[in-house]
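Q:
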Ligand SMILES: [Zn+2]
């Protein structure tokens, strides 16, 4: 709920995972020409988008989502988003899309950049056991990203439906279990953790996963994530949920479990280079490390938006992962 206090959140245009073509460029724009295929990155109100020479610490580092001046008043407001046939945005919020990436791949650059940033918050080490909670677009991309970053680790995915578990395995998960399974028993079996049960159904593990990535981010998943992590392990909160939640933080002090957050994209060091996670997402798609073929499940014209939302929400009926608008 805290972000709602920010004036920059007073107006939000939906649609930030997108690909499109530049149809008009201002006189001062030098990096792009009409016809360039682009995706959007960064915030339309961060230091770079404002054309500031003096960048805030977050923008200087490249983590533009954490810009400290993003909520200060702007002379010109960006208008529109991906749920429309055109929008106005500062040139500094655009990135060129390489010709050898399809439009379908290009709309996964942003969620790919998010997954890469999340995986980098707590890189899996050799031989570690990692759990990904949630099998949506970010969950599937996270599984692939954790695997690309650390080929020698054991990845388990928690899915809501069996078809999601199947897809998680195709994305590189070694094990899966379902929300309807006993997660404590599954975690104990997969990690060798000892399971204890107290009064009123209170359950606790000693041992557990080395790292858990919660790509759902609701109270049940985050409470489970904290309890299914070994002492000294890490939980990364990736899923976005703008609600207050009731959380048992006992594992944070009693088991010294680290709880980290991950938001948006960042810059990372990879094979001797410092890259935006957007650039790394594009590179990993070109190298076949990030595969999106099975993830784009539905396409709708914008006029069928009701059906598109129905498909995106009812994952059991539609077996949907990523739902895209075609314009
Ligand atoms: Zn900034």
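Numbering (our numbering), first residue to last: 423 to 749. Glycine residues also receive a C-beta, built at the ideal position from the N, C-alpha and C atoms.
Would residue 702 pass as a contact of residue 690 if the rule is Cβ separation under 8 angstroms?
A: Yes; because the gap between Cβ atoms is below 8 angstroms, this pair is in contact.
Q: Can you name, in chain order, every residue of its own chain whose Cβ lies under 6 angstroms from the Cβ of residue 586, other than the five neighbours on each side?
A: 557, listed in sequence order.
Q: Do residue 629 and residue 616 have their CB atoms nearer than 8 angstroms?
A: For residue 629 and residue 616, yes; Cβs fall inside 8 angstroms.
Q: Indicate, with yes or no, if ligand 1 has a heavy atom lying under 7 angstroms from the CB of residue 445.
A: The answer is no for residue 445.
Q: Would you mind working out which of 634, 424, 452 sits nearest residue 545, comparing C-alpha positions?
A: The shortest C-alpha separation from residue 545 is found at 634.
Q: Can you tell me which of the three DSSP states residue 435 falls into?
A: If DSSP states are grouped into helix, strand and coil, residue 435 belongs with coil.
Q: Considering Cα atoms alone, identify which of 647, 463, 649, 583 is closest to residue 739.
A: Considering only alpha carbons, the answer is 583.
Q: Shorter than 7 angstroms, the distance from the beta carbon of residue 477 to the closest heavy atom of ligand 1, or not?
A: Answer for residue 477: yes, Cβ within range of ligand 1.
Q: If the criterion is Cβ atoms closer than 8 angstroms, does the pair residue 531 and residue 704 meet it?
A: Contact: yes.
Q: Go ahead and label residue 668 buried or exposed: buried means 16 or more other beta carbons lie within 10 angstroms of its beta carbon, across all protein chains shown.
A: Burial call: exposed.
Q: DSSP on residue 654, reduced to helix/strand/coil?
A: Here residue 654 sits in strand by DSSP.
Q: Leaving out five residues on either side along the sequence, give the residues of the same chain with a beta carbon under 6 angstroms from the beta carbon of residue 688.
A: Once the five neighbours on either side are set aside, the close Cβ partners of residue 688 are 485, 539, 699.
Q: Comparing C-alpha positions only, which one of 562, 571, 534 sits nearest to residue 548?
A: Comparing Cα-Cα distances from residue 548 to each of 562, 571, 534, the minimum goes to 571.
Q: What number of angstroms, rounded off, separates the C-alpha of residue 469 from the C-alpha of residue 482?
A: Cα-Cα distance, rounded: 9 angstroms.
Q: Here's the rule I'm using: 16 or more other beta-carbon atoms within 10 Å means buried, otherwise exposed. How should residue 522 be labelled?
A: So residue 522 ends up on the exposed side.
Q: With contact counted as at least three CB pairs below 8 angstroms, one residue from each stretch, are the region 633-648 and the region 656-666 in contact?
A: In short, these stretches touch, since the Cβ pair count reaches three.
Q: Helix, strand or coil for residue 592 per DSSP?
A: Helix, per DSSP.
Q: Output the boundary residues of the alpha helix (DSSP H) element that contains residue 547.
A: Per DSSP, residue 547 belongs to no alpha helix (DSSP H) and is neither H nor E.
Q: Check whether the Cβ of residue 688 sits closer than 7 angstroms to any heavy atom of ligand 1, and report yes or no.
A: Not under cutoff, so the answer is no.
Q: Would you list the residues sitting across from residue 618 in a DSSP beta bridge?
A: Its beta-bridge partners are 626.
Q: Between the C-alpha atoms of residue 647 and residue 657, what's the straight-line distance to the nearest angstrom?
A: If you take the alpha carbons of residue 647 and residue 657, they lie about 6 angstroms apart.
Q: Could you give the first and the last residue of the continuous beta strand (DSSP E) run that contains residue 690?
A: Taken as a continuous stretch (DSSP letters only), the beta strand (DSSP E) holding residue 690 covers 689-692.
Q: Using a Cβ-Cβ cutoff of less than 6 angstroms, which residues in the same chain neighbour residue 528 once the five nearest sequence positions on both sides are dropped?
A: Taken in chain order, the residues that qualify are 441, 461, 519.
Q: For ligand 3, is there a heavy atom less than 7 angstroms away from the beta-carbon of residue 480?
A: In the structure on display, ligand 3 does not appear, and the ligands it does have are ligand 1.
Q: Using DSSP with H/G/I as helix, E/B as strand and the rest coil, what is residue 742?
A: Coil.
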